[in-house]
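Quick notes on the structure that follows.
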Amino acid sequence: MRKLENSELERKSIEDFKKSEKTPLILVLDDVRSLHNIGSVFRTADAFLIEKIYLCGITATPPNKEIHKTALGATETVSWEHNENVLDTITKLKQDGIITMAIEQVENAVFLQNFEVKKGQKYALVFGNEVHGVAQEAVALCDGCIEIPQLGTKHSLNISVSAGIVVWDLFQKMNFKS
């Protein structure tokens, strides 16, 4: 095996990215404190052609040098919007017919491996604060919750890691399952 050069990877231009059909996923980040986490989520969103990111509450917005360190330009490709109130954002998404799912450990959550995507349906995934998770009010407003099963002594993952896991899982279910 030979490692591929960047020139061999057939990367999209910013313009081609913006014109591309997007994966019907929207990410909602509420009160995310870490600028590196925000940048990492942008980079994941770029990798999987995510439709949009909503940055809510205290979540910082581009342009920002610290976000850029991990986003590596993805803030220029992925559509984003800042909304002060996550509850208003979730309400609007639901009014637009988008299924909203909090990524959180709650009673009766659906484990990620058991979550089934519906063909043609758009989903919004709500991720919360690094310490407190998704606010209870937001959990209550969402259509449901997805939990990432964890077997070790720690029962939490970094938000950017959680986003990567859930986005990949839903992306592959939308695109590669028969």
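For the sequence shown, the UniProt record's numbering gives the first residue as 1, with consecutive numbering after it. Where is the CB? At the ideal position from N, CA and C, for every residue including glycine. No experiment lies behind these values; they were computed from the predicted model shown.
Original post:
In the stretch 108-142, which residue ranges form an unbroken alpha helix (DSSP H) of at least 4 residues, counting only runs that do not cross its ends?
Top reply: Counting only runs that start and end inside the stretch 108-142, the alpha helix (DSSP H) elements of at least 4 residues fall at 136-141.
Subject >> Strand pairing of A102, partner residues [DSSP] >> reply: As a first step, residue 102 is located in the sequence shown; it is residue number 102 there, counting from the start. Bridge partners of A102: V126 and C145.
Original post:
Can you list, in chain order, the stretches of the alpha helix (DSSP H) that have 4 or more residues and sit fully within the stretch 24-64?
Top reply: For the stretch 24-64, whole alpha helix (DSSP H) runs of length 4 or above, ordered along the chain, are 35-47.
Subject >> The beta strand (DSSP E) enclosing E15, as first and last residue numbers >> reply: Your numbering for residue 15 matches position 15 in the sequence shown. Per DSSP, E15 belongs to no beta strand (DSSP E); it is in the alpha helix (DSSP H), I14 to K19.
Original post:
Given that a residue counts as buried once 16 or more other Cβ atoms are within 10 Å of its Cβ, and exposed if not, what is R43?
Top reply: For the purposes of this step, residue 43 is identified with residue 43 of the sequence shown, where counting begins at 1. With 16 or more Cβ atoms within 10 Å of its Cβ, R43 is classed as buried.
Original post:
If L29 and T77 are in contact, beta carbons under 8 Å, what's the gap, nearest whole angstrom?
Top reply: Taking the sequence shown and counting its residues from 1, one reaches residue 29 at position 29. Taking the sequence shown and counting its residues from 1, one reaches residue 77 at position 77. About 17 Å separates the two Cβ atoms, so there is no contact after all.
Original post:
Candidates A102, N37 and G57: which alpha carbon is nearest T70's?
Top reply: As a working mapping, residue 70 is identified with position 70 in the sequence shown. Scanning A102, N37 and G57 for the CA closest to the CA of T70 turns up N37.
Subject >> Environment of M101 [buried if 16+ CB atoms lie within 10 Å] >> reply: As a working mapping, residue 101 is identified with position 101 in the sequence shown. So M101 counts as buried.
**OP:** Determine the direct distance from the alpha carbon of E107 to that of S13, and round the result to whole angstroms.
**Re:** Translated into positions along the sequence shown, residue 13 becomes position 13. Translated into positions along the sequence shown, residue 107 becomes position 107. So the two alpha carbons sit approximately 43 Å from each other.
**OP:** Quick one: grab the DSSP three-state call for E81.
**Re:** Here residue 81 is taken as the residue at index 81 of the sequence shown, counted from 1. Collapsing the DSSP output to three states places E81 in a strand.
**OP:** Take every Cβ of the stretch 163-178, pair it with every Cβ of the stretch 119-134, and state whether three or more of those distances are shorter than 8 Å.
**Re:** They touch, by the three-pair rule.
Subject >> For G164, three-class secondary structure by DSSP >> reply: Within the sequence shown, the letter at position 164 stands for residue 164. Of the three classes helix, strand and coil, the one that applies to G164 here is helix, per DSSP.
Subject >> Among A109, F48, K118 and S156, nearest to S79 - alpha-carbon criterion >> reply: For the purposes of this step, residue 79 is taken as the residue at position 79 of the sequence shown. Of the listed residues, the one whose Cα sits closest to S79 is F48.
Original post:
Measuring CA to CA, which of E81, S40 and Y54 is closest to E66?
Top reply: Along the sequence shown, read from residue 1 onward, the residue named residue 66 stands at position 66. Minimum Cα-Cα distance from E66 among the listed residues E81, S40 and Y54 corresponds to S40.
Original post:
How many Å lie between K173 and E116 at the Cα?
Top reply: Translated into the one-based positions of the sequence shown, residue 173 becomes position 173. Translated into the one-based positions of the sequence shown, residue 116 becomes position 116. Going by the C-alpha atoms only, they are around 8 Å apart.
Subject >> Cβ shell of I26 (< 8 Å), same chain only, five flanking positions each side left out >> reply: Working through the sequence shown from its first residue, we reach residue 26 at position 26. Only I50, E51, K52, I53, Y54, L93, I98, K122, Y123, A124 and L125 meet the Cβ criterion.
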